[in-house]
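In the numbering used here, the protein residues as written are 1 to 239.
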Amino acid sequence: MRKERLDKVLANMGVGTRKEVKEMIKAGMVTINGNIVKAADFKVNVEEDEIICGGQMIRYREFVYLMMNKPHGMVSSTDDPRDSTVIELLDDFYKNFRPFPVGRLDKDTEGLLLITNDGKLAHDLLSPKKKVGKTYYATIDGALEEEHVEIFKKGILLEDGYTTLPAELKILSSGVISVAEITIQEGKYHQVKRMIGALGMRVSYLKRIRMGPISLDESLEPGQYRELTEEEITSLLNR
Ligand code: URA
């Protein structure tokens, strides 16, 4: 049974600031299982107690699941001494859940970033054993050839001696500048850039468009985010 302070629960569910909800509680606006409770530190069983505040039933939830179109120039961590973080873009309501990005995208990479406070899900999605596919749209300085598709399939020897797991290269266009979709099963540091680097070329633009069953919602502008739908959450949890 999980018990939490009443004022914390109400503030976390976005009813108001901690100060505001304390005043509401003091004013007798909050009932628990039908009884007025005036103590802000009253311990509620968040799974079972019925909390009503100002006539409105408060639905407690433990987890939040967001997808963001990560913008260029922000770091995908919860805090950073120098740079702005993607968490700073979230409304206070979501920050209350203490969410964190699931894995990292480079500062100059854009696209799909899942943000949650569900540690188990994050761990599962990042576990090398689970081999969750991540697909990137990449613009590359250099001419991609069909032979590169085979090289990707076999795994690519990186400069540090590590050979990547098999990956998929789908060439969308080839020329002085090429465009491709690249799917990898791991998340090594700068992995896509290093794989392309190992072929003697350079990634000039990188955007993640898919992670496991979740595709980037293309209606999200860089820096925008939304909650995952029930179907998206279910597809992640039941992978
Ligand atoms: N590979 C990279 O090189 N950078 C990213 O941000 C993600 C994958």
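Cβ coordinates follow ideal geometry from the N, Cα and C atoms, glycine included.
Using three-state DSSP, classify residue i as helix, strand or coil.
{"i": "GLN191", "result": "helix"}
{"i": "THR234", "result": "helix"}
{"i": "ASN12", "result": "helix"}
{"i": "LEU228", "result": "coil"}
{"i": "ALA138", "result": "strand"}
{"i": "LEU186", "result": "First, the residue type needs correcting, since residue 186 is Glu and not Leu in the sequence shown. DSSP places GLU186 in coil when its eight states are reduced to three."}
{"i": "PHE97", "result": "coil"}
{"i": "ILE29", "result": "The identity of residue 29 in the sequence shown is Met, whereas the question assumes Ile. Of the three classes helix, strand and coil, the one that applies to MET29 here is coil, per DSSP."}
{"i": "LEU90", "result": "coil"}
{"i": "ARG2", "result": "coil"}
{"i": "ALA180", "result": "strand"}
{"i": "VAL132", "result": "coil"}
{"i": "MET24", "result": "helix"}
{"i": "ARG208", "result": "strand"}
{"i": "ARG202", "result": "strand"}
Do you know offhand how far residue i's Cα is from residue j's?
{"i": "ASP160", "j": "GLY200", "result": "15 Å"}
{"i": "ILE36", "j": "GLY28", "result": "6 Å"}
{"i": "GLY54", "j": "HIS72", "result": "42 Å"}
{"i": "TYR65", "j": "GLU232", "result": "9 Å"}
{"i": "MET57", "j": "GLU110", "result": "39 Å"}
{"i": "LYS129", "j": "HIS123", "result": "11 Å"}
{"i": "GLU48", "j": "MET195", "result": "51 Å"}
{"i": "ILE52", "j": "GLY212", "result": "38 Å"}
{"i": "MET13", "j": "ILE87", "result": "18 Å"}
{"i": "GLU227", "j": "LEU10", "result": "20 Å"}
{"i": "THR78", "j": "THR85", "result": "6 Å"}
{"i": "LYS95", "j": "ILE140", "result": "36 Å"}
{"i": "LYS19", "j": "ASP83", "result": "31 Å"}
{"i": "LYS134", "j": "GLY34", "result": "49 Å"}
{"i": "TYR60", "j": "VAL21", "result": "15 Å"}
{"i": "SER174", "j": "ASP118", "result": "40 Å"}
{"i": "GLU242", "j": "ASP80", "result": "The question about residue 242 has no answer, for the chain in this structure spans 1 to 239."}
{"i": "ARG202", "j": "LYS70", "result": "21 Å"}
Residues in its own chain within less than 8 Å of residue i by CB, not counting five upstream and five downstream?
{"i": "SER215", "result": "LEU112, ILE209"}
{"i": "TYR162", "result": "LYS188"}
{"i": "LEU237", "result": "LEU121"}
What first and last residue would you give for the beta strand (DSSP E) that runs through residue i?
{"i": "LEU216", "result": "Neither: LEU216 is in no beta strand (DSSP E) and is coded neither H nor E."}
{"i": "GLY34", "result": "Element bounds for GLY34: n/a, residue is neither H nor E."}
{"i": "SER173", "result": "168 to 173"}
{"i": "THR116", "result": "110 to 116"}
{"i": "TYR65", "result": "65 to 70"}
{"i": "VAL44", "result": "43 to 45"}
{"i": "ILE51", "result": "51 to 53"}
Hey, could you find the ends of the alpha helix (DSSP H) residue i is sitting in?
{"i": "ILE151", "result": "146 to 154"}
{"i": "LYS120", "result": "119 to 126"}
Starting from the C-beta of residue i, find all residues in its chain whose C-beta is less than 6 Å away, skip the five residues before and the five after it, and write them out in chain order.
{"i": "MET1", "result": "ASN45"}
{"i": "VAL149", "result": "LEU169"}
{"i": "LYS262", "result": "No answer is possible for residue 262: the residues shown for the chain start at 1 and end at 239."}
{"i": "PHE42", "result": "LEU6"}
{"i": "LYS193", "result": "VAL203"}
Among residues of its own chain, excluding the 5 on either side of residue i, which ones have a beta-carbon nearer than 7 Å to its beta-carbon?
{"i": "TYR137", "result": "GLU181, LYS207, ILE209"}
> Got a list of residues with beta-carbon closer than 5 Å to any non-hydrogen atom of the ligand URA, in chain order?
Replying inline: LEU105, ASP106, THR109, HIS190, GLN191, VAL192, LYS193
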